[in-house]
Amino acid sequence: MRGWSSPRSINLRRAAGRRGLATMCVGVGQGLALAIERV
42 MRGWSSPRSI
52 NLRRAAGRRG
62 LATMCVGVGQ
72 GLALAIERV
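If you read the sequence shown in our numbering, its first letter stands for residue 42, the second for the next number, and so on.
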């Protein structure tokens, strides 16, 4: 993974987590969510 999701995947690995969720508010009622799962 590249871009803004890469630091989140690194932190997920360091914390020995299995699942992570990142959200971003774009404005005017729009948003984005990214679910990551280590396999």
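Beta carbons are placed, not taken as given, at the ideal position from N, Cα and C, and that holds for glycine.
**Asked** Considering only the beta carbon of each residue, do GLY72 and THR64 sit closer than 8 Å?
**Response** Within the sequence shown, residue 72 is the residue found at index 31, counting from 1. Within the sequence shown, residue 64 is the residue found at index 23, counting from 1. Yes, the Cβ-Cβ distance between GLY72 and THR64 is below 8 Å.
**Message:** For LEU61 and ARG55, what's the separation of their Cα atoms in angstroms?
**Reply:** Numbered from its first residue, the sequence shown carries residue 61 at position 20. Numbered from its first residue, the sequence shown carries residue 55 at position 14. Per the sequence presented here, residue 61 reads as Gly, with Leu not at that position. If you take the alpha carbons of GLY61 and ARG55, they lie about 12 Å apart.
**Prompt:** Excluding the five sequence neighbours on either side, which residues of its own chain have a C-beta within less than 6 Å of the C-beta of ALA74, listed in chain order?
**Reply:** By 1-based counting over the sequence shown, the position of residue 74 is 33. If we look at ALA74 and ignore the five residues flanking it on each side, its Cβ neighbours are THR64.
**Asked** What number of angstroms, rounded off, separates the C-alpha of GLU78 from the C-alpha of CYS66?
**Response** As a position in the sequence shown, residue 78 is number 37, starting the count at 1. As a position in the sequence shown, residue 66 is number 25, starting the count at 1. Going by the C-alpha atoms only, they are around 22 Å apart.
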